[in-house]
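Residue numbers (the working numbering), protein chains in the order written: chain A, 1 to 256; chain B, 257 to 492; chain C, 493 to 776; chain D, 777 to 1060.
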Amino acid sequence: MIAVDSYAYNNNLKSVHPAEKSLFVMLTMGVCLASSTMITPLIVLAVMAGGIILKAGIPTRVLIKLMTVPLAFLLISMLTIVFSVSTNSSGFWLAQTYNGFTIGIRYPDLMTAANLFLRSLGAVSCLYFLALTTPLTELITVLHKLKVPFIITELMVLIYRFIFVFMETATAIRRAQYSRSGYISVNSSFRSMSRLFSALLGKVFVKSQDLYNSMAARCYTGEIKVLTKKRPVSFKNYFIIAVIEIPLILLNLLWR
Amino acid sequence: MFLRKSKHIGLLITYVMSIYIIFPDDAYAMHIMEGFLPFNWAALWWIVMIPFVIAGVRSIKKTVTLHPNLKMLLGMAGAFAFVMSALKIPSVTGSSSHPTGVGLGTILFGPTAMTVLSMIVLVFQALLLAHGGITTLGANTFSMGIVGPFVSYGVYKGLKKLGAPQWLSIFMAATLGNLMTYVTTSIQLGLAFPAAAGGVTAAILKFLGIFALTQIPLAISEGLLTVMVFNILSAY
Amino acid sequence: MSELILETVDLEYSYPDGTSALRKVNLQVQKGEKLAILGSNGAGKSTLFMHFNGIYRPDSGFIKYQGQDISYKKKALTELRKKVGIVFQDPDSQLFSASVWQDISFGPLNLGLSEEVVTQRVKQALLDTETTDIEDKPTHLLSYGQKKRVSIAGVLAMEPEIIIFDEPTAGMDPRHAQEFMQLLEKLSDEGKTIILSTHDVDLAYSWSNRLAIMYRGEIIAHGLPGELFSRTEIVKRADLTIPWLIETHSELVKKGWLPPSAPLPKSKEELFQNIPVKSGQQSA
Amino acid sequence: MSELILETVDLEYSYPDGTSALRKVNLQVQKGEKLAILGSNGAGKSTLFMHFNGIYRPDSGFIKYQGQDISYKKKALTELRKKVGIVFQDPDSQLFSASVWQDISFGPLNLGLSEEVVTQRVKQALLDTETTDIEDKPTHLLSYGQKKRVSIAGVLAMEPEIIIFDEPTAGMDPRHAQEFMQLLEKLSDEGKTIILSTHDVDLAYSWSNRLAIMYRGEIIAHGLPGELFSRTEIVKRADLTIPWLIETHSELVKKGWLPPSAPLPKSKEELFQNIPVKSGQQSA
Chain A
1 MIAVDSYAYN NNLKSVHPAE KSLFVMLTMG VCLASSTMIT PLIVLAVMAG GIILKAGIPT
61 RVLIKLMTVP LAFLLISMLT IVFSVSTNSS GFWLAQTYNG FTIGIRYPDL MTAANLFLRS
121 LGAVSCLYFL ALTTPLTELI TVLHKLKVPF IITELMVLIY RFIFVFMETA TAIRRAQYSR
181 SGYISVNSSF RSMSRLFSAL LGKVFVKSQD LYNSMAARCY TGEIKVLTKK RPVSFKNYFI
241 IAVIEIPLIL LNLLWR
Chain B
257 MFLRKSKHIG LLITYVMSIY IIFPDDAYAM HIMEGFLPFN WAALWWIVMI PFVIAGVRSI
317 KKTVTLHPNL KMLLGMAGAF AFVMSALKIP SVTGSSSHPT GVGLGTILFG PTAMTVLSMI
377 VLVFQALLLA HGGITTLGAN TFSMGIVGPF VSYGVYKGLK KLGAPQWLSI FMAATLGNLM
437 TYVTTSIQLG LAFPAAAGGV TAAILKFLGI FALTQIPLAI SEGLLTVMVF NILSAY
Chain C
493 MSELILETVD LEYSYPDGTS ALRKVNLQVQ KGEKLAILGS NGAGKSTLFM HFNGIYRPDS
553 GFIKYQGQDI SYKKKALTEL RKKVGIVFQD PDSQLFSASV WQDISFGPLN LGLSEEVVTQ
613 RVKQALLDTE TTDIEDKPTH LLSYGQKKRV SIAGVLAMEP EIIIFDEPTA GMDPRHAQEF
673 MQLLEKLSDE GKTIILSTHD VDLAYSWSNR LAIMYRGEII AHGLPGELFS RTEIVKRADL
733 TIPWLIETHS ELVKKGWLPP SAPLPKSKEE LFQNIPVKSG QQSA
Chain D
777 MSELILETVD LEYSYPDGTS ALRKVNLQVQ KGEKLAILGS NGAGKSTLFM HFNGIYRPDS
837 GFIKYQGQDI SYKKKALTEL RKKVGIVFQD PDSQLFSASV WQDISFGPLN LGLSEEVVTQ
897 RVKQALLDTE TTDIEDKPTH LLSYGQKKRV SIAGVLAMEP EIIIFDEPTA GMDPRHAQEF
957 MQLLEKLSDE GKTIILSTHD VDLAYSWSNR LAIMYRGEII AHGLPGELFS RTEIVKRADL
1017 TIPWLIETHS ELVKKGWLPP SAPLPKSKEE LFQNIPVKSG QQSA
């Protein structure tokens, strides 16, 4: 139902320990953000794309499609940073003046934007590496090990499971609404949508009580304790992480 | 004079049109994407977020010890918020977008619980839908899980105290909760990327100018929708 | 009885993840008939239905309504969905409004009809489904059988020509299932074309006047119910069983109590009538 | 076979809104038996089940487990719920985790068992329900039948004495229902006491060795399946129908082909065996 999620359960890096993948991604993301050169993000992008396509075996088109998701935000924000409006026409690198207002681009803003573009894409590729190779249930286990408050990981377990349950219900309701000419005008859209939401919300209340009862039947004691299948720890993987990260960190330090 | 005025209007229309064309249907684009904030800003917003999350965790823990079934309710409410944000809502301008659910959630579950729920939902949006990010989680949680809910809550309680009708309180709470979320996002972006001329203020104004255009109709739509949902719920 | 109303030609459809859901589906629906589509879960019945009113769009092939290829333009779709109503399996996802009245009025209101017409239609639909006494009840307090009726009323209020029922009796207790079948009979008598999907072979056999068997996205057989069920290999292949009426009938033929030419019984009553009384014995 | 394991005495229960849900329910469950509780939707079957492991507390009356009144203290409840497992109708409101492995481990972990024992039990439960091959799949990518199996595994991993199934075959197609009944048979052979609720009279008749019929919160009859179904007035009153095996059998008795003393057939095979071959005719 959610493409990224399906790949997380169906890729060649699935059985790699989630802590190793998380560490790799977090380190690389940090290095990418802290870089002052445009080379680091490019290397990061290449490493992650290689990992996703060659190591994990995710189709290239999937990655390309994902890379375009944040593009809208990126473009709008970059244009906002690049262009400025001023009554003072000096300092512009490229400009057009109308009625005393100057709209144009200043060079430092342009450099900021270019930097930002690469850095964001580099970081996003790290996010996708994690999302495409690691089932969320395993990431939650990592958070648990990191001493994130128990109530947060418990809620994450429940939310993750019921996202799919409610998504299915929402899809079924929408289909029924479309079948009865829902969403054919603005009026009908508001009517359809508000009923969809309130019907779903009604189910939230009923289903949560049902779930509580069925969990109580399995001796729920107030804490949602679960066991996760153990993944093998690989020292080789830690070595690989070190081999990738150390040169990147050095590159960042030297290029100042 | 007339000529100059029409030129102004022409410019304004071009500007508005171009934004509507560039802006995609979905206002997911409103979460700050992964890697967009520089390291220091990303870290700062994480640090700002943490005390609020701790407060939220404490308040949830307290209610859950009293009513153990509320944990399941909150879990499902979080799932609902995610599903809601993944659906397109109609807008008064005819285009469509995604609701934040901030007003609805705050009125039902209170602002502190919403901080924790929003944070988790934002994590899932980042990992499942590629909207928002991990490094920008602090910033996004601050706007959607802290500012939004507290504004909604304040507006709702305030208007009720003043004797405003229920629908108006709900409408204003949802609309302003949505709007202030994006005002906060604009401020966060402006702070991180001051303009070469005019600095932080100019940058914030630029971001506000762009986002206001698309966001005001959407905020109103979310307000209307929230009122309609509450009308149906109260009929139950 | 032989006017073609709905037809699919070489329909193919795959889900977004690539699994093939429908393969070369060719099906003709005659005006006014009672067509049952039999198949186990996941055979593609619901997916096929979703094509009949344009919710899904085929990857290749056509759907024809009254001889015309259906169009996916907004206006044409609205027109089509007015004619082809679907009653979905789970009434909980079909009843999304707070009260019975509101839910039934949803469709007609969307069509932009005047308030009087909407009121008229809702009242008629309540009457037809015998739900007038619960019109003000909130939908979540209804019993399963009532929910099912209201969801039918919601579709009837659109005054469709064809009504499609997806697994209508799943989860119903025997009495409600019986009542429901009577309602279907009534609708059919009024001239509506009715298509239903089910994996209840007894129901499909007794109710339908034509039958199609689906298996893994294909229609592997269609024809008269009696004929289809005598082809044991097809029934087995589709993971189905043979209706007990036919099995008992065959057994009686095998044991010599009925001539091989005896007509297949359509109901329990017919079967029992066919069984002769043992000579020298008095029927009580 | 006649050791009493669970018993209710004059159980009464009303919902918080005041509607009476159970009225003077008296029921005995023998160790190792297969008890079916038949009744239409809303008869009170699920509400009764929730009393068996102390989730609901009766307004008056008692529940006895192995002769002892059940206690509602935390520790005693955990002890009881370890012995009495419930598989709910909708797996979507029973499975709380997206990971099959995690979900099954929940119950045993709550019993305070060590990690090794829990791992052992999860593995065994996966084996018993034949779900080992899907242990790494997320819940949301499973089919309905698979979800159902996983939710059974989650209960089996607690190693209960009694397993209660609420409407287990609702929504299953014939093949899945058959597979499910085989699993039930296996559990029963292992000595578990099994209670199930259903409104499928054919299933209840063929499977159970004792039957109770519920109607509007009351148990209006209980006893051996064959006896109960021959009391037509009770079956009708409970909105149920008579299993076709019994109906056909009775018809054959009536017509004189079977002696009135002939035992009621429990399966199709038994029924057909009883039908004599017509003299002068050869059975093919």
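Positions of the beta carbon are idealized from the N, C-alpha and C atoms, including for glycine. Everything numeric in this text was worked out from a predicted model, so none of it was measured.
Arginine 667 of chain C: first and last residue of the uninterrupted alpha helix (DSSP H) it sits in
666 to 681
Can you check DSSP and say which residues form a bridge with threonine 64 of chain A?
For the sequence presented, residue 64 of chain A should be read as isoleucine rather than threonine. DSSP output for isoleucine 64 of chain A lists no bridge partner at all.
Checking contacts by CB at 7 Å: is isoleucine 578 of chain C closer than that to chain A?
yes
What are the start and end residues of each continuous alpha helix (DSSP H) run of 4 or more residues lying completely inside the segment 102 to 160 of chain A, in chain order?
107 to 133 and 136 to 145
Got a sec: is the Cβ-Cβ distance from histidine 975 of chain D to anything in chain C below 7 Å?
Contacts with chain C at 7 Å (Cβ-Cβ) include histidine 975 of chain D.
Between which two residues does the beta strand (DSSP E) carrying histidine 998 of chain D extend?
994 to 999
Closer than 7 Å at the beta carbon, the chain A residues around lysine 317 of chain B:
Ile151
Rounded to whole angstroms, what is the Cα-Cα separation between histidine 779 of chain C and proline 652 of chain C?
Residue 779 of chain C lies beyond the residue range present for chain C, which begins at 493 and ends at 776; the question has no answer from this structure.
Closer than 7 Å, CB to CB, is isoleucine 910 of chain D near chain A or not?
no
Does arginine 951 of chain D get closer than 7 Å to chain C when you measure Cβ to Cβ?
yes
6 Å CB neighbourhood of histidine 691 of chain C in its chain, flanking five on each side removed
Ser532
Taking only runs of the alpha helix (DSSP H) that begin and end inside the segment 912 to 942 of chain D, which ones reach a length of at least 4 residues, in chain order?
Fully enclosed alpha helix (DSSP H) runs of 4 or longer: 920 to 932.
Starting from the C-beta of lysine 207 of chain A, find all residues in its chain whose C-beta is less than 6 Å away, skip the five residues before and the five after it, and write them out in chain order.
none
What span of residues does the alpha helix (DSSP H) with glutamate 245 of chain A cover, start to end?
235 to 254
For the segment 583 to 593 of chain C and the segment 695 to 704 of chain C, state whether three or more C-beta atom pairs, one from each stretch, are separated by less than 8 Å.
no
To the nearest angstrom, how far is it from the Cα of arginine 1007 of chain D to the Cα of valine 977 of chain D?
14 Å
Would you kindly report the start and end of the unbroken beta strand (DSSP E) that includes alanine 730 of chain C?
Alanine 730 of chain C -> no beta strand (DSSP E), and no H or E assigned at all.
Range covered by the alpha helix (DSSP H) that runs through asparagine 487 of chain B
Following the DSSP letters along the chain, one finds asparagine 487 of chain B inside the alpha helix (DSSP H) bounded by residues 455 to 491.
Neighbour list for lysine 516 of chain C in chain D, Cβ cutoff strictly below 9 Å:
Near lysine 516 of chain C there are no residues of chain D at all, since even the closest Cβ is about 23 Å away, more than 9 Å.
Go through its chain and collect everything with a Cβ distance to methionine 78 of chain A's Cβ below 7 Å, but skip five positions before and after it.
For methionine 78 of chain A, same chain residues with a beta-carbon under 7 Å away, outside a window of 5 residues either side, are Ala113, Leu116 and Phe117 in chain order.
In or out: proline 18 of chain A buried (at least 16 other Cβ within 10 Å) or exposed?
So proline 18 of chain A counts as buried.
Quick check on this structure: which residue in C/Lys556, C/Ser506 and C/Tyr505 has the alpha carbon closest to the alpha carbon of valine 521 of chain C?
C/Lys556
Let's test the definition: count the other Cβ atoms within 10 Å of the Cβ of histidine 323 of chain B and tell me whether it reaches 16, buried, or not, exposed.
exposed
The segment 926 to 945 of chain D touching the segment 856 to 865 of chain D, judged by at least three CB pairs closer than 8 Å:
yes
For methionine 167 of chain A, which residues does DSSP report across the bridge?
BP columns for methionine 167 of chain A are empty, so no partner.
Name, going along the chain, the residues of the segment 578 to 601 of chain C whose beta-carbon falls closer than 9 Å to a beta-carbon of chain B.
Ser589, Ala590, Ser591 and Gln594
Quick one, which residues of the segment 212 to 227 of chain A are near chain G if we go by CB-CB under 8 Å, in chain order?
In the structure shown, chain G cannot be found, because the protein chains are A, B, C and D.
Given this structure, state the Cα-to-Cα distance separating glycine 510 of chain C from tyrosine 920 of chain D, to the nearest angstrom.
If I take the Cα positions, the gap works out to 20 Å.
Compare the beta carbon distance of serine 425 of chain B and threonine 362 of chain B with 7 Å and say whether it is the shorter of the two.
no
At least one CB of chain A closer than 7 Å to the CB of valine 313 of chain B: is that the case?
yes
DSSP three-state label for phenylalanine 83 of chain A, please.
Strand at phenylalanine 83 of chain A.
Output the distance between the C-alpha atoms of threonine 133 of chain A and threonine 621 of chain C, rounded to the nearest integer angstrom.
52 Å
Minimum Cβ-Cβ distance from tyrosine 789 of chain D to chain A less than 7 Å:
no
Look up asparagine 434 of chain B in the DSSP assignment and say whether it is helix, strand or coil.
helix
Are there 16 or more other CB atoms within 10 angstroms of the CB of methionine 370 of chain B, so buried, or fewer, so exposed?
Looking at its Cβ environment, which holds 16 or more other Cβ atoms inside 10 Å, methionine 370 of chain B is buried.
Between which two residues does the beta strand (DSSP E) carrying valine 517 of chain C extend?
512 to 522
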